[in-house]
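Student: Heads up: the protein sequence lines correspond to chains A and B, in order. FYI, the numbering for the first sequence is 1 to 335, going by my numbering. FYI, the numbering for the second sequence is 336 to 592, going by my numbering. Glycine included, C-beta positions come from ideal geometry on N, C-alpha and C. Since the model is a prediction, treat every value here as computed from it, not as a measurement. One structure follows; several queries about it will come next.
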Amino acid sequence: MKQKRKERIDRGIKARSDDVFSLNSFREMLYVAVPPLAPVLLLVILPLVLPSYWQKVLISTCVFALLAMSWDFLVGVGMVSLGQALFFGVGSYIAGVSNKILGVPIWIDLPIATVLGGLICTVLLTPVLRLRGVYFSMVTLVLPLMLERIIEAAGIFGGTEGITGIKTFANPFVESYVIVLVTLFALFAFRRLVTTDYGLVLKAIKDNDRAVMSVGINIYWMKAQALFITGCVGSFCGAFLTHVYGFVGMPSFALDYSILPLSAAVVGGMGTFAGSFIGAFILVPLSEALRGIGGLRIVLYSFFLVVFIVALPEGIFHYIQRKYQQFERWVEVDK
Amino acid sequence: MNDQNKRQNDADPILRVENISKSFGGVKAVVGVNFDLHEGQLLGVIGPNGSGKTTLVNLITGFLKPDQGKIVYKGKDINGWAPYRIARVGIARTFQMIRPFAELPSFKNLIIPLYSPRVKALSGGQYGDLDAVAKDYLEEVGFERESAVTYKAAGSLPHGYLKRLELAKCLALRSDLIILDELFSGLSIAELASIVPIIEKLVSEGKTVIMIEHRLRELFRIADRVVVLNYGSVIADGIPCEVMERSEVRKAYLGSE
Ligand SMILES: Nc1ncnc2c1ncn2[C@@H]1O[C@H](COP(=O)(O)OP(=O)(O)OP(=O)(O)O)[C@@H](O)[C@H]1O
Ligand SMILES: [Mg+2]
């Protein structure tokens, strides 16, 4: 019986461009250069052309892209976090408290909140590093909600009112370019990191942690380092937004910061970071655009989410990548 | 044999297992096991299915904590140490159920052992170009240099190559004590013929090896000594040809009363 089957073949240009030295035309150079240049150009130009409302959307898109990338990174090490809000919230509060109460200026405050936030989150999660799978996820889901309640009950850090009057950035361009540059840096740094030997070891922990232990590597120490990296990124996001809004409060621990990054990474394609980036750039503006329609917003938003996941379960990035690198044709095969 | 006896007498054992036991709920997997192992020896551990061989490996390598007893390696009591610490002092193991890092090419699988702090310390605190070193080790266990298998995803390797990859992992760690859990199982005669010399070479280099095996014929040809487990206890301990003569051992293997 004859049957039709789809055949995928690498484009010749793809095969040649795997080795930089064999590029032999301007077109082939473009083929290699366009994918990494596209996000750079997009992000550098957008702040110049967007109206001020959409600049704020760009900022939160970048923030969610960062949260999604750091979530994806942690998944790559075998830790499925449902609590990016923890990292985000801790960073927000450190920035708020140190700027408003201790008077630390923004440019010192941001790096401090980034590193200190990463450390605090790592320490908070150290006791559960041994938990696997869903148990780890549960703890990360609950921790930010717990911190939120503690702040409410104890009335510390402004309690339910939050802290207002925190210094904001000098002008919107500074604001936009800080987050744009950090996002681009994180995108390329994460993509690079996972291909290094260090990154391979982290990934191996997810595949088979016993095998990694058996060669003398302390997987809990490695996992703590991965948490620290993720924690730093999340805390930076929190600290940054605190300075954008001049306010920090309990909403910093809200579930949105845990769930939205996750859906961005899933929709965009996991394990690639570019996927998280694309996912955030689709979902966040989409959610903004739907704001106009009121009550049905969440319904429509969820509908789009399901459509994406059903239509492209591999993720948008993997789909684009395949189309870019391979061509497909129908062939007849004997069955 | 004389030579071996001499070695046993004048040195402290590299590994001493003292009266260790482990049970899982009601199942007594290992019961009061004792043995000494001297440097440069090749010890075979045999026994019927479920007799506690893998559990013994897990106890020595720290993947399980013994309920009682003591494990002394090079004079250090390593009881209760985490697996990574035990690996760092020089005990390497293979797993009976081999699960490679499936998506990585074969040679990249060796990056993980080569990244071990033990290897780093042995090479003077530097990692260097691990890819090249990894390919050297693969060649040593019979991956033809620059052949397709070296670059193939480990998940799609044939069984024989997976076993070799697992062995290469132990070589890469440059450990002094190497524990191989059923390395020979599922290998063809031809594949065995190429792996046995690698193990013989290890022993000749002064490494100590423990082999858990069901392939008795091949094991007995290279083992200096054999320990037989049955229901978690040692029922015989001696040189290979003697051990198989014992009636308890025959009974355990043949299952007859
Ligand atoms: N993690 C565990 N939990 C419960 N029981 C276990 C566990 N590991 C081993 N056992 C039991 O302990 C006994 C010894 O198992 P072990 O795997 O050590 O045997 P083995 O000699 O390696 O067998 P095989 O030759 O089949 O590999 C068996 O009865 C097994 O069911
Ligand atoms: Mg076993």
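Please confirm whether A:L200 has its beta-carbon closer than 7 Å to some beta-carbon of chain B.
Tutor: The residue you call residue 200 of chain A lines up with position 200 of the first sequence. Cβ-Cβ to chain B under 7 Å: yes for A:L200.
Student: Could you give the distance in angstroms between the alpha-carbon of B:V454 and the alpha-carbon of B:R509?
Tutor: Position 119 of the second sequence, counted from the start, is the residue given in the question as residue 454 of chain B. Position 174 of the second sequence, counted from the start, is the residue given in the question as residue 509 of chain B. If I take the Cα positions, the gap works out to 7 Å.
Student: Do you know how far the Cα of B:R556 is from the Cα of B:I574?
Tutor: The residue given as residue 574 of chain B occupies position 239 in the second sequence. The residue given as residue 556 of chain B occupies position 221 in the second sequence. Using only the alpha carbons, I get a separation of about 11 Å.
Student: Count the other C-beta atoms from every protein chain shown that fall within 10 angstroms of the C-beta of B:D464, then say buried if there are 16 or more, exposed otherwise.
Tutor: One-based indexing of the second sequence puts residue 464 of chain B at position 129. Exposed, since its Cβ has fewer than 16 Cβ neighbours within 10 Å.
Student: Leaving aside the five residues before and after A:R297 along the sequence, list all residues of the same chain whose C-beta is less than 6 Å from its C-beta, in chain order.
Tutor: Looking up residue 297 of chain A in the first sequence gives position 297. If we look at A:R297 and ignore the five residues flanking it on each side, its Cβ neighbours are L290.
Student: Using a Cβ cut-off of 7 Å (strictly closer), state whether B:P448 contacts chain A.
Tutor: Against the second sequence, residue 448 of chain B aligns to sequence position 113. Taking Cβ atoms only, chain A reaches closer than 7 Å to B:P448, which makes this a yes.
Student: For chain B, is any of its Cβ atoms less than 7 Å away from the one on A:D207?
Tutor: As a working mapping, residue 207 of chain A is identified with position 207 in the first sequence. Taking Cβ atoms only, chain B reaches closer than 7 Å to A:D207, which makes this a yes.
Student: B:V362: beta carbon under 6 Å from a heavy atom of ligand 1?
Tutor: As a first step, residue 362 of chain B is located in the second sequence; it is residue number 27 there, counting from the start. Yes, the Cβ of B:V362 comes within 6 Å of a heavy atom of ligand 1.
Student: Please work out which residues of its chain come closer than 8 Å, Cβ to Cβ, to A:V44, disregarding the five sequence neighbours upstream and downstream, and give them in chain order.
Tutor: Looking up residue 44 of chain A in the first sequence gives position 44. Only V180 meet the Cβ criterion.
Student: Consult DSSP for B:Q343 and reduce its assignment to one of helix, strand or coil.
Tutor: In the second sequence, residue 343 of chain B corresponds to position 8, counting from 1. A caution first: B:Q343 carries a pLDDT of 48, below 50, which makes its placement in the model unreliable, though a value can still be read off. Helix.
Student: Go ahead and label A:W330 buried or exposed: buried means 16 or more other beta carbons lie within 10 angstroms of its beta carbon, across all protein chains shown.
Tutor: Counting from one through the first sequence, the residue named residue 330 of chain A turns up at place 330. Flag for A:W330 reads exposed.
Student: State yes or no: is the C-beta of B:T389 nearer than 6 Å to some heavy atom of ligand 1?
Tutor: Mapped onto the second sequence, residue 389 of chain B falls at position 54. Yes.
Student: Closer than 8 Å by C-beta to B:E474: which residues in its own chain qualify, once you throw out the five before and the five after it? Chain order, please.
Tutor: Start at 1 with the first residue of the second sequence, and residue 474 of chain B comes out as number 139. Counting only Cβ-Cβ distances below 8 Å, and skipping sequence neighbours, we find R480.
Student: Pull up the distance between the alpha-carbon of A:A265 and that of A:A68, whole angstroms please.
Tutor: Counted from its first residue, the first sequence places residue 265 of chain A at position 265. Counted from its first residue, the first sequence places residue 68 of chain A at position 68. C-alpha separation (whole angstroms): 5 Å.
Student: Based on Cα-Cα distance, which residue from A:Q84, A:I9 and A:V49 lies nearest to A:G231?
Tutor: In the first sequence, residue 231 of chain A corresponds to position 231, counting from 1. Scanning A:Q84, A:I9 and A:V49 for the CA closest to the CA of A:G231 turns up A:Q84.
Student: Less than 7 Å between the beta carbons of A:V333 and A:R5, yes or no?
Tutor: The residue you call residue 333 of chain A lines up with position 333 of the first sequence. The residue you call residue 5 of chain A lines up with position 5 of the first sequence. Yes, they are a contact pair.
Student: Please go through the same chain and pick out, in chain order, the residues whose beta-carbon is closer than 7 Å to the beta-carbon of A:Y257, but skip the five residues on each side of it.
Tutor: Position 257 of the first sequence, counted from the start, is the residue given in the question as residue 257 of chain A. Cβ neighbours of A:Y257 beyond the five flanking positions: L67, Q84, A85 and F88.
Student: Helix, strand or coil: how does DSSP classify A:Q225 here?
Tutor: Locating residue 225 of chain A in the first sequence gives position 225, where the first residue counts as 1. It is helical.
Student: Which chain A residues sit within Cβ distance under 8 Å of B:S451?
Tutor: Walking along the second sequence from the start, residue 451 of chain B turns up at place 116. Result: V215, G216 and I217.
Student: In three-state terms, what does DSSP make of B:A364?
Tutor: By one-based count along the second sequence, residue 364 of chain B stands at place 29. Secondary structure at B:A364: strand, using DSSP grouped into helix, strand and coil.
Student: Hey, B:V563 and B:I570: beta-carbon distance below 7 Å or not?
Tutor: The residue labelled residue 563 of chain B in the question sits at position 228 within the second sequence. The residue labelled residue 570 of chain B in the question sits at position 235 within the second sequence. In this structure, B:I570 lies closer than 7 Å to B:V563 by Cβ.
Student: I'd like to know if A:D72 contacts chain B, where contact means its C-beta is closer than 7 Å to some C-beta of that chain.
Tutor: Along the first sequence, read from residue 1 onward, the residue named residue 72 of chain A stands at position 72. It does not; no Cβ of chain B falls within 7 Å.
Student: Apply the 10 Å Cβ neighbour rule to B:F442 and answer buried if 16 or more other Cβ atoms are within range, or exposed otherwise.
Tutor: Indexing the second sequence from 1 puts residue 442 of chain B at position 107. With 16 or more Cβ atoms within 10 Å of its Cβ, B:F442 is classed as buried.
Student: B:K439 versus chain A: which residues are under 9 Å apart at the beta carbon?
Tutor: The count along the second sequence starts at 1 and reaches residue 439 of chain B at position 104. The sequence as given places Leu at residue 439 of chain B; Lys does not occur at that position. Those within 9 Å of B:L439 in chain A are L200, K203, A204 and D207.
Student: What is the rounded straight-line gap between the Cα of A:G279 and the Cα of A:F308?
Tutor: Within the first sequence, residue 279 of chain A is the residue found at index 279, counting from 1. Within the first sequence, residue 308 of chain A is the residue found at index 308, counting from 1. A:G279 and A:F308: Cα-Cα distance of roughly 10 Å.
Student: What's the gap between the Cα of A:L46 and the Cα of A:K56?
Tutor: Residue mapping note: residue 46 of chain A aligns to position 46 of the first sequence, counting from 1. Residue mapping note: residue 56 of chain A aligns to position 56 of the first sequence, counting from 1. Their Cα atoms are separated by approximately 11 Å.
Student: Give a yes or no on whether the C-beta atoms belonging to A:V90 and A:G117 are separated by under 7 Å.
Tutor: Position 90 of the first sequence, counted from the start, is the residue given in the question as residue 90 of chain A. Position 117 of the first sequence, counted from the start, is the residue given in the question as residue 117 of chain A. It is a contact, given that the beta carbons lie within the stated cut-off.
Student: Roughly how many angstroms lie between the CA atoms of B:G361 and A:G249, to the nearest whole one?
Tutor: Residue numbering aside, residue 361 of chain B sits at position 26 when the second sequence is read from its first letter. Residue numbering aside, residue 249 of chain A sits at position 249 when the first sequence is read from its first letter. Computed Cα separation, rounded: 54 Å.
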